[in-house]
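Asker: One point on numbering: in our numbering, the residue at position 106 of the sequence shown is 109, and numbering is uninterrupted.
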Amino acid sequence: MKVVVLSGSPRKNGNTQIMMKHVLEYVNQKGVEVKFINLAEDGFESFKGAANEVNYNEKTLQAAKDITDADVWLVGIPVYNSMFSAALKNIFEFINYKETEGKTAGLAIVAGGTISFGDVQTLFTQLMSYFRVITNPTVVYSTGEAIEMERFQMMK
C-alpha cells in the first residue's frame, strides 16, 4: 500500500504542516510506503494548462505523480476565508481524475476557529468526488490555538 501525506498549506512551519508531520510520524510506524508532500516548499508551479501544452518543473510533476500513484491520501487542509488553500486546489489541477478512481482520502482540517470546518469539509469532499476518491467521513479537526498550545508544551 502506498500512502501520501499532503500538507496543503502554503505557510512554512504553519499549523497544518505541524499537524501533518505528526500524521507522517504515525504512518511511518505502520511500515507502509509513504511520501510527504509539503506545499509550503518552494518550487511548485501554478497550473497553466495541460502538461502536454506546458513544460512544468520536475518537482511539480513528481508531486502529482506521487499523489496519483498513492492508494491513500492523507490531506492536511488549512482554512482560509472559509475555503481550502489555493495551493491545495492548484496541485489537484495536475491530477487526471481518470487515474484516481477507488482511492481513499482522509482529511485533517486546521482552522483559526471552529465555525468553518464544515464548509471546508463539504467543499473538499466534493472535489474528491470529482476524482472518484472515497473520503473517510471521520475528519480530524484542529484549531491553530490547539497546535500553538502543543508547540508551547514541546518547548518546555
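Even glycine gets a Cβ: it sits at the ideal position worked out from N, Cα and C.
(1) Is the region 21-36 in contact with the region 98-107, if contact means three or more CB pairs nearer than 8 Å?
(2) Sort 146, 79, 61 by Cα distance to residue 24 and report the nearest one.
(3) What's the call for residue 106, buried or exposed, on a 16-neighbour Cβ count within 10 Å?
(4) Find out if the Cβ-Cβ distance for the pair residue 45, residue 7 is shorter than 8 Å.
(5) Taking contact to mean 3 or more Cβ pairs, one atom from each stretch, closer than 8 Å, check whether the region 80-88 and the region 55-71 are in contact.
(6) With 16 other CB atoms within 10 Å as the buried threshold, where does residue 161 fall?
(7) Quick one, which of 132, 135, 124, 98 has its alpha-carbon nearest residue 110's?
(8) Assuming residue 117 and residue 146 are in contact, meaning their beta carbons sit under 8 Å apart, how far apart are those beta carbons, in whole angstroms?
(9) In whole angstroms, what is the alpha-carbon distance linking residue 121 and residue 141?
(10) Excluding sequence positions up to five away, which residues of its chain have a Cβ less than 6 Å from the Cβ of residue 134?
Answerer: Taking the definition as stated:
(1) no
(2) 79
(3) buried
(4) no
(5) no
(6) In the structure as shown, the chain begins at 4 and stops at 159. Residue 161 is therefore absent and cannot be evaluated.
(7) 124
(8) 7 Å
(9) 12 Å
(10) 100, 103
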